[in-house]
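**Student:** Numbering (the working numbering), first residue to last: 4 to 507.
Heads up, the beta-carbon is just placed ideally off N, CA and C, and yes, glycines get one too.
Below are the structure tokens for one structure; questions will follow.
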């Protein structure tokens, strides 16, 4: 039990001050009844590095949490049972001058009325969606099958064949420091219901029991999709303590009666602040996460899939919007195909054609930067850009070369480089970027790429360099003006032109 509690409170090295405060508060509460061992075994162990930290100011939900100030910091800490890949429970922490802690389980949804997500009080739907969002952020699940058809019914009493919920990011919120935190989501509920009208044979073929409806139309089942915008905070966080369920039960009369085995005391409210575990009420959750599809890892499918992600085009637009500044901007990102996308921002010195390419502490899945409107800036990648890509590759800071994208945005151009062949790219880097770092810049000058030439001429010359010197180890993609499409491009010696290869 001591070991469970110790593991429960083991934090990542980069844990922030808020997480440290929460862990210390849990440690103090644990001295009363040793409840962390029970929580760890029954509800799950915390995934501290996937905790979501936000403030009331960042939450735009129409439902204001009772008893909470607009300046409170709210942190979600997902709890995951051993050998599972879903959020079984979570701790919701409210931090101001003090700390308040609530524990919610996925089975708790049955304790609330079935209604809608627009209800002003907690509903079963709110609890279900809260856990789906945490699964989305923690494990990347975006599709959920609803197995309790009372959920998300929206008053529909028809025979239901299938009900699903799909979650994706909606908007990026940028704080004052420039770092992006995704808090807004689009939640779509799709329900397939029996379509009754004129074709009785259709009902029979679908296995609908006699008497359910008189008949069906040619298409037996009709689909209806409802989409809403939602923030990370769904439930109404009702902060409060609560009584204690007695540790013994039983009764007697006459000759003395009988008693049951002593029960572990528990709290009838979600609060952890009295050092007791909330009482277990529900049995199981009414939804399951659908497996994540294995991502096809070839450059075109990577680009095509990134374009379908809600963060990608706005990210490139933000780079274009920043070219009027007097310094270069860059952004790392991680987990682009999972639920929770992590970002890291970097910038260069003012009035300088460079950027601080600090090696990130963790591996990353993509990087995009801009060349701001300096008179001497290139409209294509520079030698320093290629050296940076090679340096990340050599340092082992690329999570997966098959999905890593290295982007550039200028006032009139946008490109993405991807590594095709790691062996060939390593040889290219060793020869042209490592042994003589200035050699590739020399190629740029030799091929007459300058800041004064039209972008299309620089593009042709840069493609010639890639074709002749990189051993086909990289692919390059060119974006359109609004970053909604990227096409693979390459130079053709036969026609002395650029060939375009659409990805979709």
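#1: Taking residue 349 and residue 333 to be in contact with their CB atoms under 8 Å, please state how far apart those CB atoms are, rounded to whole angstroms.
#2: Take residue 409 and list the residues in its own chain whose beta-carbon comes closer than 6 Å to its own, dropping the five residues that flank it on each side.
#3: Enumerate in chain order the residues of its own chain whose CB-to-CB distance from residue 53 is below 7 Å, with the five nearest sequence positions on each side excluded.
#4: In this structure, does DSSP put residue 353 in helix, strand or coil?
#5: DSSP on residue 491, reduced to helix/strand/coil?
#6: Ordered along the chain, which non-local residues of its own chain (more than five positions away) have a Cβ less than 7 Å from that of residue 351?
#7: If the criterion is Cβ atoms closer than 8 Å, does the pair residue 379 and residue 414 meet it?
#8: What do you reckon, are the CB atoms on residue 7 and residue 40 nearer than 8 Å?
#9: Could you please give the first and the last residue of the uninterrupted alpha helix (DSSP H) stretch that includes residue 92?
#10: Go through its chain and collect everything with a Cβ distance to residue 33's Cβ below 7 Å, but skip five positions before and after it.
#11: Given a cut-off of 8 Å on the beta-carbon distance, is the pair residue 301 and residue 282 in contact?
#12: Kindly indicate which three-state DSSP category residue 452 falls into: helix, strand or coil?
#13: By Cβ distance below 7 Å, which residues in the same chain neighbour residue 289 in space, the five residues on each side in sequence not counted?
#14: Give me the DSSP bridge partner(s) of residue 189.
#15: Determine the DSSP secondary structure at residue 498, reduced to helix, strand or coil.
#16: Excluding the five sequence neighbours on either side, which residues of its own chain have a C-beta within less than 8 Å of the C-beta of residue 373, listed in chain order?
#17: Run through DSSP, which three-state label would residue 83 get?
#18: Give me the residue from 505, 383, 172 with the minimum Cα distance to residue 340.
#19: Measuring straight from C-alpha to C-alpha, what distance separates residue 98 and residue 25?
#20: Could you spell out the range, first to last residue, of the alpha helix (DSSP H) harbouring residue 35?
#21: Give me the residue from 398, 228, 402 with the minimum Cα distance to residue 429.
#22: What are the boundary residues of the alpha helix (DSSP H) that residue 127 is part of?
#23: From which residue to which residue does the beta strand (DSSP E) around residue 411 run?
#24: How close, in whole Å, do the beta carbons of residue 316 and residue 487 come, if the pair is a contact with beta carbons under 8 Å?
#25: Which residues bound the beta strand (DSSP E) around residue 333?
#26: Using a 10 Å radius around the Cβ and a threshold of 16 neighbouring Cβ atoms, would you call residue 504 buried or exposed?
#27: Out of curiosity, what's the CA-to-CA distance linking residue 313 and residue 461?
#28: Of the choices 10, 19, 18, whose alpha-carbon is the least far from that of residue 44?
#29: Our contact map puts residue 170 next to residue 190 with C-beta atoms below 8 Å; I'd like the distance itself, whole angstroms only.
#30: Taking a contact to mean a Cβ-Cβ separation below 8 Å, would you say residue 464 touches residue 451 in this structure?
#31: Measuring alpha carbon to alpha carbon, tell me which residue in 275, 367, 499, 449 is nearest residue 347.
#32: Go through its chain and collect everything with a Cβ distance to residue 386's Cβ below 6 Å, but skip five positions before and after it.
#33: Would you grab the beta carbon distance between residue 494 and residue 456 for me? Rounded to a whole angstrom, and I think it's under 8 Å.
#34: Anyone know if the C-beta pair for residue 309 and residue 105 falls short of 8 Å?
#35: Pull up the CB-CB distance for residue 92 and residue 109, whole angstroms please, since I reckon it's below 8 Å.
#36: For residue 286, count neighbouring C-beta atoms within 10 Å of its own C-beta (all shown protein chains included) and say buried if the count is 16 or more, exposed if not.
**Tutor:** In short:
#1: Residue mapping note: residue 349 aligns to position 346 of the chain shown, counting from 1. Residue mapping note: residue 333 aligns to position 330 of the chain shown, counting from 1. The Cβ separation is near 5 Å, so the contact holds.
#2: By one-based count along the chain shown, residue 409 stands at place 406. For residue 409, where only same-chain residues beyond five positions count, the Cβ hits under 6 Å are 370, 392, 420.
#3: Counting from one through the chain shown, the residue named residue 53 turns up at place 50. So the qualifying residues of the chain are 81, 140, 141, 343.
#4: Residue mapping note: residue 353 aligns to position 350 of the chain shown, counting from 1. Residue 353: coil per DSSP, three-state reduction.
#5: Here residue 491 is taken as the residue at index 488 of the chain shown, counted from 1. Of the three classes helix, strand and coil, the one that applies to residue 491 here is strand, per DSSP.
#6: Residue numbering aside, residue 351 sits at position 348 when the chain shown is read from its first letter. 330, 331, 357, 358, 359.
#7: Taking the first residue of the chain shown as 1, we reach residue 379 at position 376. Taking the first residue of the chain shown as 1, we reach residue 414 at position 411. Not closer than 8 Å, so no.
#8: Residue 7 sits at position 4 when you count from the first residue of the chain shown. Residue 40 sits at position 37 when you count from the first residue of the chain shown. Their beta carbons are under 8 Å apart, which means residue 7 touches residue 40 by this criterion.
#9: Start at 1 with the first residue of the chain shown, and residue 92 comes out as number 89. Unbroken run through residue 92 is the beta strand (DSSP E), 92-98; no alpha helix (DSSP H).
#10: Counted from its first residue, the chain shown places residue 33 at position 30. Excluding sequence neighbours, residue 33 sits near 8, 39.
#11: To locate residue 301, count along the chain shown from 1; it is residue 298. To locate residue 282, count along the chain shown from 1; it is residue 279. For residue 301 and residue 282, no; Cβs fall outside 8 Å.
#12: Stepping through the chain shown from its first residue, residue 452 is reached at position 449. Of the three classes helix, strand and coil, the one that applies to residue 452 here is coil, per DSSP.
#13: Working through the chain shown from its first residue, we reach residue 289 at position 286. Hits under 7 Å: 112, 131, 149, 150, 151, 154.
#14: Mapped onto the chain shown, residue 189 falls at position 186. Beta-bridge pairing links residue 189 to 171, 232.
#15: The residue labelled residue 498 in the question sits at position 495 within the chain shown. Looking at residue 498 - three-state DSSP - the assignment turns out to be coil, as it is neither helix nor strand.
#16: In the chain shown, counting from the first residue as 1, residue 373 sits at position 370. These residues qualify, in order along the chain: 322, 323, 325, 326, 331, 332, 333, 411, 412, 413.
#17: Position 80 of the chain shown, counted from the start, is the residue given in the question as residue 83. The answer is strand: DSSP assigns residue 83 an E or B state.
#18: Taking the chain shown and counting its residues from 1, one reaches residue 340 at position 337. When each option's Cα is compared against that of residue 340, the closest is 172.
#19: Position 95 of the chain shown, counting from 1, holds the residue named residue 98. Position 22 of the chain shown, counting from 1, holds the residue named residue 25. Distance between the alpha carbons of residue 98 and residue 25: 9 Å.
#20: Stepping through the chain shown from its first residue, residue 35 is reached at position 32. 20-36 is the span of the alpha helix (DSSP H), which, as asked, contains residue 35.
#21: Numbered from its first residue, the chain shown carries residue 429 at position 426. Comparing Cα positions, the closest option is 398.
#22: Position 124 of the chain shown holds residue 127. That run of the alpha helix (DSSP H) goes 127-142.
#23: The residue labelled residue 411 in the question sits at position 408 within the chain shown. It spans 408-412 - the beta strand (DSSP E) in which residue 411 sits, taken as one unbroken run.
#24: Here residue 316 refers to the residue found at position 313 when the chain shown is read from its first residue. Here residue 487 refers to the residue found at position 484 when the chain shown is read from its first residue. 6 Å between Cβ atoms; contact.
#25: In the chain shown, residue 333 corresponds to position 330, counting from 1. 332-337 is the span of the beta strand (DSSP E), which, as asked, contains residue 333.
#26: As a first step, residue 504 must be located in the chain shown, where it is residue number 501. Exposed, because fewer than 16 other Cβ atoms sit within 10 Å of the Cβ of residue 504.
#27: Taking the first residue of the chain shown as 1, we reach residue 313 at position 310. Taking the first residue of the chain shown as 1, we reach residue 461 at position 458. So the two alpha carbons sit approximately 31 Å from each other.
#28: Taking the chain shown and counting its residues from 1, the one referred to as residue 44 is at position 41. For the residues 10, 19, 18, the minimum Cα distance to residue 44 belongs to 10.
#29: Translated into positions along the chain shown, residue 170 becomes position 167. Translated into positions along the chain shown, residue 190 becomes position 187. Contact holds; Cβ gap of about 6 Å.
#30: The residue labelled residue 464 in the question sits at position 461 within the chain shown. The residue labelled residue 451 in the question sits at position 448 within the chain shown. Cβ distance < 8 Å, so residue 464 and residue 451 count as in contact.
#31: Here residue 347 is taken as the residue at index 344 of the chain shown, counted from 1. Answer by Cα proximity: 367.
#32: Reading the chain shown from its first residue, position 383 is the one you call residue 386. Cβ neighbours of residue 386 beyond the five flanking positions: 443, 444, 447.
#33: Translated into the one-based positions of the chain shown, residue 494 becomes position 491. Translated into the one-based positions of the chain shown, residue 456 becomes position 453. Between residue 456 and residue 494 the Cβ distance is about 16 Å, and since that is not below 8 Å, they are no contact.
#34: Here residue 309 corresponds to residue number 306 of the chain shown, with the count starting at 1. Here residue 105 corresponds to residue number 102 of the chain shown, with the count starting at 1. No; because the gap between Cβ atoms is not below 8 Å, this pair is not in contact.
#35: Indexing the chain shown from 1 puts residue 92 at position 89. Indexing the chain shown from 1 puts residue 109 at position 106. About 7 Å; that satisfies the 8 Å criterion.
#36: Taking the chain shown and counting its residues from 1, one reaches residue 286 at position 283. Residue 286 comes out exposed.
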